[in-house]
Each structure stands twice: as C-alpha cells, then as structure tokens.
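For the sequence shown, the residue numbers in this note's numbering are 231 to 373.
Built from N, CA and C at the ideal position, the CB exists for glycine as well.
Keep in mind the model is a prediction, meaning the values are calculated, not measured.
Below you'll find the structure, written out as structure tokens, and then a few comments.
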Amino acid sequence: MLAVSAEERTTGVAQRIEVKPSYGLSHDDMADMLYDSLEYAEADVTQRLLVEARVEARRNLLALEAALANDGSLLAAAERATLDAARSHLEAAVSGEDRDAINAAAEALEGLSKPFAERRMDRGIREALAGLSVGELESRVGE
231 MLAVSAEERT
241 TGVAQRIEVK
251 PSYGLSHDDM
261 ADMLYDSLEY
271 AEADVTQRLL
281 VEARVEARRN
291 LLALEAALAN
301 DGSLLAAAER
311 ATLDAARSHL
321 EAAVSGEDRD
331 AINAAAEALE
341 GLSKPFAERR
351 MDRGIREALA
361 GLSVGELESR
371 VGE
C-alpha cells in the first residue's frame with residue numbers, strides 16, 4: 231500500500247520500507263481508506279484550489295504593499311484610494327470560503343494596479359538608463 235525509500239547522499243546508504251496490510255491494516259481497513267479517498271476526492275480538490283487561491287492572493291497583496299511602500303508617490307490620491315479599496319476587497323475575499331470571489335477580487339486588483347506597475351517599470355528603466363550615451367547603451371545591450 232505504501233512504499234518509502236531514502237538514500238543518504240554522502241554515504242550512498244539506501245533504505246526502503248514497505249507498509250503492507252499484513253503489518254496492521256486489514257482488508258476492510260484498506261477498503262475503508264479507499265472508499266473514503268474516493269468519497270472525499272472532490273472536496274479535497276475544492277479545498278486545495280481554495281488554499282492555492284488564498285496563497286496567490288496573499289502573495290499579490292504583499293507585492294502590492296511593497297510596491298506602494300517603495301513607489302506610492304507615483305499614484306494620484308484617487309488612484310491610491312481605488313487601489314486601497316480593491317486591496318481591502320481582496321483581503322475580505324481571502325478571509326472567506328469562496329474561491330471564485332477571491333479570484334475575481336484578485337483579477338480586479340491586478341487590472342487596477344496595471345497602470346501603477348507600468349509607471350514603476352518606466353521609472354526603473356529611466357533610472358537605469360540615466361546618464362548613458364547611445365554608445366554605452368548599445369555596448370550594454372550587445373553583452
């Protein structure tokens with residue numbers, strides 16, 4: 231039913247363990263486990279997708295927080311208010327159980343933050359190219 235193997239990399243010593251029904255699981259226990267896995271498979275997948283949506287949303291929220299801390303000056307007050315509202319909406323969705331709501335709120339925030347991201351990229355490129363001549367730029371691109 232279960233086989234586990236491991237190898238110690240420095241010595242090369244390997245071990246393998248097999249757990250079989252004769253080591254404590256009856257055929258009825260195995261049948262029950264198999265039945266339970268089939269019965270709860272859909273719920274397990276749904277739960278996993280919810281957790282993945284939450285993780286991705288939280289990662290995006292952290293990235294936005296860092297971007298706002300570093301480059302918040304690139305936003306007009308109205309844009310900042312709109313992003314803050316969308317961020318709050320996503321945070322509320324993440325605390326709920328509706329994966330579709332999380333994904334919709336994340337997509338909305340992504341769409342609203344796109345112009346901000348573009349301005350951040352423009353600023354970064356402008357700062358990276360500041361003071362370079364065309365020749366210096368061509369030599370760097372050719373590397």
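query: Where do the ends of the alpha helix (DSSP H) carrying A236 lie?
result: Here the question's residue 236 lines up with position 6 in the sequence shown. Counting along the chain, A236 falls outside any alpha helix (DSSP H), though it belongs to the beta strand (DSSP E) covering L232 to E237.
query: Based on the DSSP secondary-structure assignment, which residues constitute the bridge partners of T244?
result: For this step, residue 244 is matched to residue 14 along the sequence shown. Note that residue 244 is Ala in the sequence shown here, rather than Thr. Paired residues: E237.
message: Could you tell me the alpha carbon to alpha carbon distance between E282 and E368, rounded to whole angstroms?
response: Here residue 282 refers to the residue found at position 52 when the sequence shown is read from its first residue. Here residue 368 refers to the residue found at position 138 when the sequence shown is read from its first residue. Between E282 and E368, the C-alpha separation is close to 43 Å.
field: C-alpha distance - R304 paired with R289, whole-angstrom precision
entry: As a working note, residue 304 is residue 74 in the sequence shown. As a working note, residue 289 is residue 59 in the sequence shown. A quick correction: the sequence has Leu, not Arg, at residue 304. Between the alpha carbons of L304 and R289 lies a distance of about 22 Å.
message: Using 8 Å as the cut-off, can you tell me whether the stretch 319-339 makes contact with the stretch 252-266, which would need three or more C-beta pairs spanning the two stretches below that distance?
response: Between the stretch 319-339 and the stretch 252-266 there are fewer than three inter-stretch CB-CB distances shorter than 8 Å, so the stretches are not counted as touching.
field: Cβ-Cβ distance between E374 and A336 below 8 Å
entry: The displayed coordinates of the chain run from 231 to 373. Any statement about residue 374 would go beyond what the structure contains.
query: Does the beta carbon of Y270 sit closer than 8 Å to a beta carbon anywhere in chain C?
result: The chain labelled as chain C is not found in the depicted structure, where only one protein chain is given.
task: Report yes or no: do the stretch 296-315 and the stretch 334-350 share at least 3 C-beta pairs separated by less than 8 Å?
output: Contact annotation: the stretch 296-315 touches the stretch 334-350, with at least three C-beta pairs closer than 8 Å.
message: For the alpha helix (DSSP H) containing G365, name the first residue and the last one.
response: As a working mapping, residue 365 is identified with position 135 in the sequence shown. Run containing G365: V364 to V371, per the alpha helix (DSSP H) assignment.
field: L292 and R329 closer than 8 Å at C-beta
entry: Along the sequence shown, read from residue 1 onward, the residue named residue 292 stands at position 62. Along the sequence shown, read from residue 1 onward, the residue named residue 329 stands at position 99. Not a contact, by the Cβ cut-off of 8 Å.
- request: For S343, count neighbouring C-beta atoms within 10 Å of its own C-beta (all shown protein chains included) and say buried if the count is 16 or more, exposed if not.
  value: Here residue 343 refers to the residue found at position 113 of the sequence shown. The residue is buried, with at least 16 neighbouring Cβ atoms inside 10 Å.
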